[in-house]
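Engineer:
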Amino acid sequence: MKPEWKDFLSDAGAEFAADGSVESFGNPNRELQVSPAGEVICDLSHLGLISAHGDDARSFLQGQFSNDIHQVDPTHSQLSAYHTAKGRMLALMRIFQRDQGLYLELPRDLLEDTLKRLRMFVLRSKVTLDDASDAFVRIGLAGPRAEERLHAAVGPFPSDPGKVCQVKGITVLRLSGVKPRFEICGELDDIKRIWDELNVDCAPVGAPVWKLLNILAGVPTLYAVNREAFVAQMANLDRLGGISFTKGCYTGQEIVARMHYLGQLKQRMFAAVVKADAKPGDELFADDQATGKVIDAAPHQEGGHALLGVMRVAAREADDVRLGSADGPRLNFIELPYPLQD
């Protein structure tokens, strides 16, 4: 995080976690209560950025990731996954363009390993890959009137999830969500001004609230603890526009394609609330045996934690999945905001 930005947030009341992310603005319980019905703003420095520049940047990334990188342009972003040769996800990221660079946004605990692995395959390609986490400042905005607030502070905004607007040096990404949700990227002074304007009507919140909004939107975040645990379809990337089945070869493509064309998936990602603490990597149990893992979790406004878990479809249908052990707390499933079948 830029020191000047951290000072700005500190002056606004931010309290920081051990990893440097914003934990809250002094009242985490109140922040959770505001998030379902009100507008919230959030620092997104808990997410890292990898930049890709150069004549071959796009073609290089096209051979690495699950989605069609040629669809990323100044007006479109996308989810995409990075796989092993066996089709297991090493990283999951949102890719967008700002100026002439492509940016890969992913959790900081995966950034170093992902960057190192990508650089191994550059060879003679004309592409430069760097840790760009502090290249500019990123904030999130969400809520029923987020469009109205954003229009007043920035101007034009993207109409649909996945679309992007570039407005006078500001990059605005529309994200999927139960309520309108945006990511706003820009230089420090611009984002400070936008934050101050939004802060009149929007409640500042810590990273846990933003994670909760991701979970309620059914959008997974892959952390280091779950590296190589899932194939993309297990995390519903085929339902979230994170896989192209027409783009051609990339690492792991054969496994991902085979899973797509051979029929019914035995494991999927589902959303739930549990009256207990949960964290990524926790095991899930059904019929006295392990059935899956928690991919992401965050405190829920009604107590306990909301989570996204990858598990056997049969276990979800039986509706008796437990957290942590065969006799652990039971998951109360909630509907995803998108269908798992056509």
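Counting with this note's numbering, you get residues 4 to 345 for the letters of the sequence shown. Glycine included, each C-beta is placed from N, C-alpha and C at the ideal position.
What's the gap between the Cα of glutamate 200 and the Cα of leucine 216?
Structural biologist: 22 Å
Engineer: Cβ atoms of alanine 149 and phenylalanine 185: under 8 Å apart, would you say?
Structural biologist: yes
Engineer: Assign valine 203 to buried or exposed, taking buried as 16 or more other Cβ atoms, counted over all protein chains shown, within 10 Å of its Cβ.
Structural biologist: exposed
Engineer: With distances taken Cα to Cα, identify the nearest neighbour of proline 211 among Ala40, Phe11, Cys45 and Ser13.
Structural biologist: Selected option, being the one with the closest Cα: Cys45.
Engineer: Quick one: what does DSSP say glutamine 74 is sitting in, helix, strand or coil?
Structural biologist: In the structure shown, glutamine 74 falls within a helical segment according to DSSP collapsed to helix, strand and coil.
Engineer: Using the three-state DSSP reduction, which class does valine 130 fall into: helix, strand or coil?
Structural biologist: Looking at valine 130 - three-state DSSP - the assignment turns out to be coil, as it is neither helix nor strand.
Engineer: With distances taken between CB atoms, is the gap from glutamine 270 to glycine 295 smaller than 8 Å?
Structural biologist: yes
Engineer: Compute the Euclidean distance between the alpha carbons of proline 161 and proline 39, then round it to the nearest angstrom.
Structural biologist: 22 Å
Engineer: Output the boundary residues of the beta strand (DSSP E) element that contains threonine 294.
Structural biologist: Threonine 294 -> beta strand (DSSP E) spans 292-302.
Engineer: Select from Lys129, Arg111, Val157 and Phe28 the residue whose C-alpha is nearest the C-alpha of aspartate 137.
Structural biologist: Arg111
Engineer: Closest to leucine 126 by CA distance: which of Gly306, Phe63, Ala15 and Pro31 is it?
Structural biologist: Of the listed residues, the one whose Cα sits closest to leucine 126 is Phe63.
Engineer: For phenylalanine 139, which of Leu311, Trp8 and Val276 has the nearest alpha-carbon?
Structural biologist: Trp8
Engineer: List the DSSP bridge partners of isoleucine 98.
Structural biologist: Gln81 and Leu107
Engineer: Give the single residue among Val228, Ala227 and Pro223 whose Cα lies nearest to the Cα of alanine 235.
Structural biologist: Pro223
Engineer: Keeping to the same chain, check which residues put their C-beta closer than 7 Å to that of alanine 227; ignore five residues upstream and five downstream.
Structural biologist: Asp112 and Leu113
Engineer: How is threonine 117 classed by DSSP in three states: helix, strand or coil?
Structural biologist: helix
Engineer: Is glutamate 320 helix, strand or coil when you go by DSSP?
Structural biologist: helix
Engineer: So, using beta-carbon positions, are serine 54 and glycine 23 closer together than 8 Å?
Structural biologist: The answer is no: Cβ separation not under 8 Å.
Engineer: In whole angstroms, what separates the C-alpha of aspartate 291 from that of leucine 144?
Structural biologist: Straight-line measurement puts the Cα of leucine 144 at about 42 Å from the Cα of aspartate 291.
Engineer: Should valine 228 be counted as a contact of the ligand FMN given a C-beta to heavy atom distance under 7 Å?
Structural biologist: For the ligand FMN, the structure offers nothing, since it holds no ligand at all.
Engineer: Of the residues Pro207, Lys5, His79 and Ala155, which one's Cα is nearest the Cα of glycine 16?
Structural biologist: Pro207
Engineer: With a Cβ-Cβ cutoff of 8 Å, do phenylalanine 336 and alanine 275 count as a contact?
Structural biologist: yes
Engineer: What's the gap between the Cα of glycine 90 and the Cα of aspartate 192?
Structural biologist: 42 Å
Engineer: Ignoring anything shorter than 3 residues or poking outside the region 229-305, list the beta strand (DSSP E) runs there in chain order.
Structural biologist: 270-277, 286-289 and 292-302
Engineer: Going by CA-CA distance only, name the one from Ala155, Leu93 and Arg33 that's closest to leucine 225.
Structural biologist: The candidate whose alpha carbon is nearest that of leucine 225 is Leu93.
Engineer: To the nearest angstrom, report how far apart arginine 315 and tyrosine 264 are at their CA atoms.
Structural biologist: 19 Å
Engineer: Where does cysteine 188 land, buried or exposed, given buried means 16+ other C-beta within 10 angstroms?
Structural biologist: buried
Engineer: Just how far apart, CA to CA, sit alanine 20 and threonine 249?
Structural biologist: 42 Å
Engineer: Proline 283: buried (16+ other C-beta within 10 angstroms of its C-beta) or exposed?
Structural biologist: buried
Engineer: Spatial neighbours of aspartate 322 within its chain, please: C-beta separation below 8 Å, excluding the five flanking residues on both sides.
Structural biologist: Phe336
Engineer: Have a look at Leu52, Trp213 and Phe68 and flag the residue whose alpha-carbon is nearest the alpha-carbon of valine 25.
Structural biologist: Trp213
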